[in-house]
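Student: In this text, residue positions in the sequence shown follow the numbering used here: the first is 2, and each later residue adds one. A virtual CB, placed ideally from N, CA and C, is assigned to each residue, including glycine.
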Amino acid sequence: MTKTVLLLPLLLLSTIASLAGRVSGTVKNQQGENLPYASVFVKGTTTGTTTNSQGSYFLDLAPGQYTLVCQYVGYAKIEKAITVTNAALTVHFELSVQQTSMKEVVVRANAEDPAYEIIRNAIKKKKEYVSPLDSFTCEAYIKTLVKTRKVPNKVLGQKIKEEDKKEMGVDSVGKGIIHLSESLTKIAFKKPNKIKLEVLSGRESGSSGYGFNFPTFINFYNDNVNVLTSQLNPRGFVSPIADAAFSFYAYKYLGSFWEDGKEINQIQVISRRNYEPLFNGTINITEGDWRIHSLELLLTKKSQLEILDTMRIKQIHVPVSPNVWQTKDQVVYFTFNIMGFDAVGNFLNVYNKYEVTPTFNKKYFNNVVIKYDTAVNKRSKHYWDSIRPVQLELEEVKDYKVKDSLREYRRDSVWTKAYTDSMRRKQGKVTFMKVFYNGFTRRNYKADRPMSFTWKPLIQGIQYNTVEGLALNAEATLQRSFPKTRQQISLTPHVRYGFSNQHLNAWATLQYWKRSFTWEEDGGTTSRSVWSLAGGKRVSQFNQDNPITPLMNSVYTLFVRRNYMKIYENYFGKLTFNKRFDSDLRITADLLYEDRIPIDNTTDFSIFKDKDKVFTPNYPYEQLDEQFTKHQALIASIGVQFQPGQRYIQYPNNKFPIGSKYPTFAVSYKKGIDNLLGSDVDFDKWTFSVWDNMNFKLRGAMSYRLGIGGFINDSKVPIQDYQHFNGNQLIFASKYLNSFQLAPYYANSTTASFYAVGHLEHHFNGFLTNKIPLFKRLNWHLVGGGNAFFVNKNNNYVEVFGGLENIFKLIRVDVVASYLNGNKGQVGLRIGLGGLLGSAIQLPQ
2 MTKTVLLLPL LLLSTIASLA GRVSGTVKNQ QGENLPYASV FVKGTTTGTT TNSQGSYFLD
62 LAPGQYTLVC QYVGYAKIEK AITVTNAALT VHFELSVQQT SMKEVVVRAN AEDPAYEIIR
122 NAIKKKKEYV SPLDSFTCEA YIKTLVKTRK VPNKVLGQKI KEEDKKEMGV DSVGKGIIHL
182 SESLTKIAFK KPNKIKLEVL SGRESGSSGY GFNFPTFINF YNDNVNVLTS QLNPRGFVSP
242 IADAAFSFYA YKYLGSFWED GKEINQIQVI SRRNYEPLFN GTINITEGDW RIHSLELLLT
302 KKSQLEILDT MRIKQIHVPV SPNVWQTKDQ VVYFTFNIMG FDAVGNFLNV YNKYEVTPTF
362 NKKYFNNVVI KYDTAVNKRS KHYWDSIRPV QLELEEVKDY KVKDSLREYR RDSVWTKAYT
422 DSMRRKQGKV TFMKVFYNGF TRRNYKADRP MSFTWKPLIQ GIQYNTVEGL ALNAEATLQR
482 SFPKTRQQIS LTPHVRYGFS NQHLNAWATL QYWKRSFTWE EDGGTTSRSV WSLAGGKRVS
542 QFNQDNPITP LMNSVYTLFV RRNYMKIYEN YFGKLTFNKR FDSDLRITAD LLYEDRIPID
602 NTTDFSIFKD KDKVFTPNYP YEQLDEQFTK HQALIASIGV QFQPGQRYIQ YPNNKFPIGS
662 KYPTFAVSYK KGIDNLLGSD VDFDKWTFSV WDNMNFKLRG AMSYRLGIGG FINDSKVPIQ
722 DYQHFNGNQL IFASKYLNSF QLAPYYANST TASFYAVGHL EHHFNGFLTN KIPLFKRLNW
782 HLVGGGNAFF VNKNNNYVEV FGGLENIFKL IRVDVVASYL NGNKGQVGLR IGLGGLLGSA
842 IQLPQ
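1. What does a CB cutoff of less than 6 Å around E199 pick up in its chain, not counting 5 residues either side in sequence?
2. Just to confirm my understanding: we take P133, look at its own chain, exclude 5 residues before and 5 after, and list those with CB closer than 7 Å. What are they?
3. With 16 as the cutoff for other CB atoms within 10 Å, does R236 come out buried or exposed?
4. Can you give the Cα-Cα distance for I219 and N796, rounded to whole angstroms?
5. Helix or strand or just coil, what does DSSP make of M695?
6. Measure the alpha-carbon distance for N739 versus T51 and round it to whole angstroms.
7. What is the DSSP secondary structure of P320, reduced to helix, strand or coil?
8. Please report how far the alpha carbon of A344 lies from the alpha carbon of K151, in whole angstroms.
9. List the DSSP bridge partners of H504.
10. Express the C-alpha separation of V468 and M169 in angstroms, rounding to a whole number.
11. Curious, which full-length beta strand (DSSP E) runs of at least 3 residues does the stretch 550-601 contain?
12. For A88 versus G22, is the C-beta spacing smaller than 8 Å?
13. Determine, using beta-carbon pairs with one atom in the stretch 66-81 and one in the stretch 337-357, whether at least three such pairs fall under 8 Å.
14. To the nearest angstrom, how far is it from the Cα of G833 to the Cα of N807?
15. Roughly how many angstroms lie between the CA atoms of L306 and L233, to the nearest whole one?
16. Report the residue from D400, Y401 and A448 whose alpha carbon sits nearest the alpha carbon of T421.
17. Which word fits V6, buried or exposed, when buried means at least 16 other C-beta atoms lie within 10 angstroms of its C-beta?
18. Hey, would you say W508 sits closer than 8 Å to F578, going by beta carbons?
19. Take Q461 as the anchor and find which of S423, T550 and N506 has the nearest alpha-carbon.
20. Is the beta carbon of G207 sitting closer than 8 Å to the one on L395?
21. Specify the secondary structure class of W532 as computed by DSSP and reduced to three states.
22. Secondary structure at D400, three-state DSSP: helix, strand or coil?
23. Does DSSP classify V107 as helix, strand or coil?
24. Looking at I674 and A734, is the spacing between their C-beta atoms short of 8 Å?
25. Would you mind stating whether E595 and A535 have Cβ atoms separated by less than 8 Å?
26. In the DSSP assignment, find the unbroken alpha helix (DSSP H) run with L779 in it and report its ends.
27. Can you tell me whether K167 is buried or exposed? The criterion is at least 16 other CB atoms within 10 Å of its CB, across all chains shown.
28. Does the Cβ of P37 have 16 or more other Cβ atoms within 10 Å, making it buried, or fewer, making it exposed?
29. Below 8 Å, can you find three or more Cβ-Cβ pairs linking the stretch 707-727 to the stretch 815-825?
30. Rounded to whole angstroms, what is the Cα-Cα separation between H763 and V321?
31. How many Å lie between K155 and Q480 at the Cα?
32. Quick one: is H294 buried, meaning 16 or more other Cβ sit within 10 Å of its Cβ, or exposed?
33. Taking only three categories from DSSP, how would you classify F518?
34. Helix, strand or coil: which one does DSSP assign to G826?
35. Quick test of your reading: Q327 and Y355, contact by CB under 8 Å. State the CB separation rounded to the nearest angstrom.
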């Protein structure tokens with residue numbers, strides 16, 4: 002009985018499909034050349050399709066009388082009356098280049114081109130067209146294709162093996178499809194700004210993933226146009242009909258043509274300056290109501306386009322109701338050449354089934370803005386053949402067939418003994434190079450009880466300081482997962498040995514993760530919790546924010562004869578609990594016990610000797626006259642972090658936050674507990690902070706972090722528990738928005754009842770520098786801002802900085818001027834990571 006019920010929907014779909022007639026054909030120009038991604042739809046509806054890159058199309062229609070419309074940007078539209086039966090029907094289209102006629106104008110000296118008045122009218126009307134409907138729904142078929150034209154033999158010095166090329170899907174000369182995916186997504190919108198995407202189905206060639214499922218909304222009625230992702234240009238791009246468009250663009254009237262009794266004006270869009278976020282190309286505007294009819298616009302490196310080399314956007318708009326036009330088809334073509342990978346691709350969006358008077362239940366629009374159906378990647382080949390509006394090309398059919406067959410083979414054999422034995426053998430032998438330089442991971446490849454062992458390379462743990470001399474750290478992690486219960490446990494032992502003071506330190510961390518997800522009708526709820534237990538004997542910095550990395554301290558100690566990092570040893574035990582709730586509320590609580598032991602310098606070796614440079618004692622000598630006394634500390638702390646208005650992507654078995662328009666707030670409280678387990682501390686400390694990133698588009702982006710705090714009780718506060726302000730005395734920049742680039746490390750540490758800190762920086766992202774000839778070609782960007790803290794009139798600090806980032810997409814250089822305690826401090830240079838790639842790199846601590 003159950004099987005019969007499950008088969009009924011499939012039988013119904015088959016019956017409906019059998020009653021439909023397939024209309025297919027090609028779209029060519031008068032020279033017989035295929036017209037890729039031409040729009041073919043039923044007149045008076047939004048039901049339609051798009052040709053593939055070979056100009057072929059198909060459309061399934063119920064028997065009846067129809068008028069097919071074929072459109073392509075730059076060509077005259079054609080209509081054909083057809084009669085659909087149950088038999089297949091072939092309908093070919095041959096489009097001619099759009100012939101335009103010039104309006105009769107009176108020619109005067111210095112006369113304005115007629116295009117300007119047309120654009121002026123379009124600008125006046127665009128506010129009505131940004132969001133013309135109170136609400137609507139539609140379906141978007143999305144296909145993404147990326148093909149390589151060349152693949153390098155080496156990347157960053159590493160040779161690309163032939164088997165790796167095969168895994169990517171390219172042939173021996175580096176040509177082939179490296180990404181192919183399709184999806185069907187339902188789009189729902191309601192004013193003023195509510196939107197929801199329901200991904201009904203998705204597939205990716207050779208993968209069980211969902212593919213690229215998000216429609217690329219590119220709305221040229223907005224002044225600032227987002228194209229695909231902000232990474233391509235965080236400033237966005239100026240629309241040809243933006244309010245200030247005349248400051249950015251010149252226009253040329255190319256003539257007009259008639260379509261369905263409506264005159265269409267063809268306008269050439271010309272950017273006035275290079276290295277501004279501007280388009281070039283053609284936009285067609287209807288006469289009288291001044292709507293966008295269609296467009297073809299181009300972006301290049303001279304448009305401040307990042308990552309990609311070129312991007313060409315084609316759109317066709319059609320009426321979806323008597324007075325409302327929406328995008329019917331959109332194609333984004335792109336090319337890129339990165340590290341020797343030369344590739345081309347496109348994002349195709351076909352919008353169908355517009356409903357302009359939908360009804361939604363009260364809970365439909367919530368904080369889940371993208372929702373995946375539970376069966377999103379489980380659709381059959383028959384399903385895709387029945388819903389796909391764009392005919393696959395031969396190479397795409399082959400790509401699906403080969404890669405999906407390989408995936409199915411791997412899936413069927415993944416947990417067989419032969420497969421697991423093969424995967425274990427591929428892990429290779431443990432060699433000296435892997436132990437010392439590369440590191441390695443070993444897995445057992447068992448489905449029900451997966452385990453892994455990861456060894457951190459010894460070279461990452463080598464450091465030098467004046468206390469331990471050469472110090473060697475060894476670290477490894479043993480991890481076990483429990484797939485059925487979504488739990489995970491890991492053990493990470495650490496061993497550290499100092500060759501000068503001959504001290505051995507060893508400690509370990511045991512962690513337990515648990516993740517839960519409950520699917521509900523209007524969304525899902527998720528939570529993540531982590532318990533961590535650590536203990537042993539270790540080495541710690543006095544400032545537990547670790548403002549100096551061991552690597553930088555080693556470099557400065559050996560080559561500059563400066564030992565800025567101050568450390569102590571401690572026997573410790575720490576219990577930590579982290580909980581992340583569905584609302585993105587995060588709670589952290591921990592209990593720490595330390596038996597703190599002072600340690601002193603044991604070596605003064607450095608590679609470059611300088612009699613005028615003497616190593617300082619191994620304690621914060623700015624605050625202490627002598628080394629601290631051994632003591633014990635028991636400290637409890639709790640912290641809460643929350644970002645209101647959080648939005649989510651909901652997957653079939655997970656929920657992922659994607660940010661909010663509001664700042665993030667955090668509050669913490671720390672208590673030093675006296676006379677328990679021998680503890681010698683007694684204090685109460687609180688902090689409150691807020692931070693955010695704000696994108697001002699053409700004028701750049703601003704980031705800030707503000708905080709206040711203080712000691713309610715400071716009866717017994719050892720130097721380790723002071724409020725330390727993260728200074729930096731190295732030429733290499735410390736963490737932006739969380740440190741002071743020229744401040745001393747411990748000179749301003751305090752136990753005051755109140756303090757305030759502030760960090761602010763503005764990334765101009767090409768604004769202003771695109772006016773400077775050399776910088777605009779290099780695409781270097783200005784950055785500026787300031788950092789400050791205030792305790793009282795005798796303890797305060799301000800610094801201002803200005804610099805350049807995105808140097809080679811990676812480097813940032815700042816000039817910083819500081820004022821310490823109301824007096825001019827110093828001017829210094831700081832070099833760090835910043836820009837397209839640099840800002841995404843996390844350096845090891």
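Tutor: A quick look at the data gives this:
1. Looking up residue 199 in the sequence shown gives position 198. For E199, where only same-chain residues beyond five positions count, the Cβ hits under 6 Å are K187 and K372.
2. Residue mapping note: residue 133 aligns to position 132 of the sequence shown, counting from 1. Here the set comprises V325.
3. Taking the first residue of the sequence shown as 1, we reach residue 236 at position 235. The residue in question, R236, is buried, as its Cβ has 16 or more Cβ neighbours within 10 Å.
4. As a position in the sequence shown, residue 219 is number 218, starting the count at 1. As a position in the sequence shown, residue 796 is number 795, starting the count at 1. Roughly 51 Å separates the two Cα atoms.
5. Counting from one through the sequence shown, the residue named residue 695 turns up at place 694. Strand.
6. Along the sequence shown, one-based indexing puts residue 739 at 738. Along the sequence shown, one-based indexing puts residue 51 at 50. Spanning the two alpha carbons is a distance of roughly 51 Å.
7. Locating residue 320 in the sequence shown gives position 319, where the first residue counts as 1. Looking at P320 - three-state DSSP - the assignment turns out to be strand.
8. On the sequence shown, residue 344 is found 343 positions in, with the first residue counted as 1. On the sequence shown, residue 151 is found 150 positions in, with the first residue counted as 1. Computed Cα separation, rounded: 7 Å.
9. Within the sequence shown, residue 504 is the residue found at index 503, counting from 1. H504 is bridged to G499.
10. Translated into positions along the sequence shown, residue 169 becomes position 168. Translated into positions along the sequence shown, residue 468 becomes position 467. Approximately 50 Å, taken between the alpha carbons.
11. 568-581 and 587-598
12. Position 87 of the sequence shown, counted from the first residue, corresponds to residue 88. Position 21 of the sequence shown, counted from the first residue, corresponds to residue 22. The answer is yes: Cβ separation under 8 Å.
13. no
14. Position 832 of the sequence shown, counted from the start, is the residue given in the question as residue 833. Position 806 of the sequence shown, counted from the start, is the residue given in the question as residue 807. Roughly 11 Å between the two C-alpha positions.
15. Residue numbering aside, residue 306 sits at position 305 when the sequence shown is read from its first letter. Residue numbering aside, residue 233 sits at position 232 when the sequence shown is read from its first letter. So the alpha carbons of these two residues sit roughly 6 Å apart.
16. Counting from one through the sequence shown, the residue named residue 421 turns up at place 420. Ranking the options by Cα distance to T421, first place goes to A448.
17. As a first step, residue 6 must be located in the sequence shown, where it is residue number 5. Confidence at V6 is low in this model, with a pLDDT of 31, below 50, so its placement is unreliable and the value that follows should be read with caution. Burial call: exposed.
18. Taking the sequence shown and counting its residues from 1, the one referred to as residue 508 is at position 507. Taking the sequence shown and counting its residues from 1, the one referred to as residue 578 is at position 577. Not closer than 8 Å, so no.
19. Here residue 461 refers to the residue found at position 460 of the sequence shown. Of the candidates S423, T550 and N506, the one whose C-alpha sits nearest the C-alpha of Q461 is T550.
20. Indexing the sequence shown from 1 puts residue 207 at position 206. Indexing the sequence shown from 1 puts residue 395 at position 394. No, they are not a contact pair.
21. Here residue 532 refers to the residue found at position 531 when the sequence shown is read from its first residue. Correct three-state label for W532: strand.
22. Translated into positions along the sequence shown, residue 400 becomes position 399. Note: D400 maps to helix in three-state DSSP.
23. Start at 1 with the first residue of the sequence shown, and residue 107 comes out as number 106. In this prediction, V107 has a pLDDT of 49, which is less than 50 and means its spatial position is unreliable; what the coordinates show is noted afterwards. V107 falls in the coil class under three-state DSSP.
24. Stepping through the sequence shown from its first residue, residue 734 is reached at position 733. Stepping through the sequence shown from its first residue, residue 674 is reached at position 673. For A734 and I674, no; Cβs fall outside 8 Å.
25. Indexing the sequence shown from 1 puts residue 595 at position 594. Indexing the sequence shown from 1 puts residue 535 at position 534. Taking 8 Å as the Cβ cut-off, E595 and A535 do not qualify as a contacting pair.
26. Taking the sequence shown and counting its residues from 1, one reaches residue 779 at position 778. First-last of the alpha helix (DSSP H) with L779: P774 to L779.
27. To locate residue 167, count along the sequence shown from 1; it is residue 166. Under this definition K167 is an exposed residue.
28. Against the sequence shown, residue 37 aligns to sequence position 36. By the neighbour-count rule (16 or more Cβ atoms within 10 Å), P37 is buried.
29. no
30. Your numbering for residue 763 matches position 762 in the sequence shown. Your numbering for residue 321 matches position 320 in the sequence shown. Taking the straight line from one Cα to the other gives about 43 Å.
31. By one-based count along the sequence shown, residue 155 stands at place 154. By one-based count along the sequence shown, residue 480 stands at place 479. Distance between the alpha carbons of K155 and Q480 is about 33 Å.
32. For the purposes of this step, residue 294 is identified with residue 293 of the sequence shown, where counting begins at 1. So H294 ends up on the buried side.
33. In the sequence shown, residue 518 corresponds to position 517, counting from 1. Reduced to three states, the DSSP call for F518 is strand.
34. Walking along the sequence shown from the start, residue 826 turns up at place 825. Residue state, collapsed to three classes: strand.
35. Reading the sequence shown from its first residue, position 326 is the one you call residue 327. Reading the sequence shown from its first residue, position 354 is the one you call residue 355. Indeed, because the Cβ distance is near 6 Å, the residues count as touching under 8 Å.
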